[in-house]
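Chemist:
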Amino acid sequence: MQASKGDNDGAAAKEEAGDASSHEVSGPAIDNLSRMCLEQITAGIAPVDLHMLPHQTLVQIAQMSIDDIASMKRARENEQHYLVEPLALMDRVDETVTARAEAVMQKWQRISKDELPAGAQCEGMPLDIYWNKKTGKAEITEWIDRSDDHVIHGFVLSSALMLYRLQCISGTACVHIQGEGYKCVWEVYMLHKATNRVMWFHDYKGTFYCRFQRGPKPEQYQADGLELINLLFAPNCPHPYDGIIAGTVA
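In C-alpha cells form, the structure reads like this:
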C-alpha cells in the first residue's frame with residue numbers, strides 16, 4: 001500500500017526531530033552562540049558557520065538573541081543606571097577597608113604589554129560576570145538563571161569607572177593604555193604573582209570585560225581573580241588618598 005503524503009511528511013518530521021535530539025547543545029553553548037550571533041549581526045557580518053547546526057538549536061539561539069535585544073530595549077526605556085555609581089560626596093572608608101584592598105593587591109602586579117609572560121594570550125571569550133544582589137558578591141559562571149537577582153557586569157559599573165578604579169588600586173604612577181582606539185580604547189594587564197598568569201581588563205564598545213589567560217587555570221588564580229573583581233565592584237572600593245571612595249571627591 002502506497003504511503004500518503006501526510007505519512008511521508010510525518011516521517012520526515014520525526015526524522016528531523018531525531019536529528020535535532022541527537023545534536024543537543026547545552027545551555028552555555030547556546031548562550032555563547034547567541035552572543036556571537038548578536039556581535040556578527042551588529043557588525044554586519046553574515047554568520048558563516050550556523051548552517052551546520054540542527055534546526056531546533058537555531059531556534060533556541062534566535063530566541064536567546066531576541067531575549068537579549070529585549071533586555072537591552074527595556075534597559076533603555078527604563079533609563080537603567082549602573083549599579084555602582086558613587087555620589088560626588090560620600091563618607092570615607094575606615095582603615096579596615098583600605099587594609100583589605102591592599103591585601104588583595106599584594107597578590108597582583110600591574111604590567112605593561114611589553115612585560116607579558118612569553119606566549120601569554122587571553123581567552124577568546126570574556127568572563128561571564130554577574131553581581132548577585134542577594135549575596136552582594138560577584139560570580140563568574142557560564143550559565144545563570146536570568147533574574148532580577150543577578151546583574152550582568154556591563155550594568156554594574158561603567159568602563160570609565162573600572163579603568164579609574166584599576167588605577168586607584170594598582171598603585172602605579174604610569175597609566176599604560178593599550179587598544180586599537182576604536183572599539184577598544186583601553187586595556188590593562190594584571191599579573192598574578194603566585195601563578196605567573198595574567199588577567200586582562202579591557203574596554204569594548206563602551207563596556208568593560210575581563211578575560212583569563214588561555215591555558216591552565218589554577219584554582220588559586222581563579223579565586224584571586226574573583227576576589228579582585230569583587231574589590232573593583234565594591235561600593236566602597238578605596239582611592240589611595242585618605243580613605244575616599246574611588247569615584248568620589250575629597
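At position 28 of the sequence shown (counting the first as 1) the number is 28 in the UniProt record's numbering, and the numbers step up by one without a gap. Glycine included, C-beta positions come from ideal geometry on N, C-alpha and C.
(1) So the beta strand (DSSP E) Ile244 belongs to, where does it begin and stop?
(2) Just verifying my parser: in three-state terms, what is the DSSP assignment at Asp128?
(3) Between which residues of its own chain and Pro126 is the CB-CB distance below 7 Å, once the five residues before and five after are set aside?
(4) Beta-carbon separation of Pro117 and Asn230 under 8 Å?
(5) Could you tell me whether the segment 185-193 touches the segment 231-249, using the rule of 3 or more Cβ pairs below 8 Å?
(6) Mind pulling the beta strand (DSSP E) runs of 3 or more residues that sit fully within the segment 91-136?
(7) With respect to the beta strand (DSSP E) encompassing Ile152, which residues constitute its N-terminal and C-terminal limits?
(8) Quick check on Tyr82: does DSSP put it in helix, strand or coil?
(9) With DSSP collapsed to three states, give me the class of Ala250.
(10) To the nearest angstrom, how far is the alpha carbon of Arg165 from that of Pro218?
(11) For a test of the three-state rule: what should DSSP assign to Ile177, helix, strand or coil?
Modeler: Reading off the structure:
(1) For Ile244, no beta strand (DSSP E) segment is defined, and its DSSP state is neither H nor E.
(2) Shown here, Asp128 sits in coil according to DSSP, grouped into three states, outside any helix or strand.
(3) Contacts found: Tyr209, Cys210, Arg211.
(4) Against a cut-off of 8 Å, the Cβ pair of Asn230 and Pro117 comes out as no contact.
(5) no
(6) 108-111, 129-132
(7) 150-152
(8) coil
(9) coil
(10) In a straight line, the C-alpha of Arg165 is about 26 Å away from that of Pro218.
(11) coil
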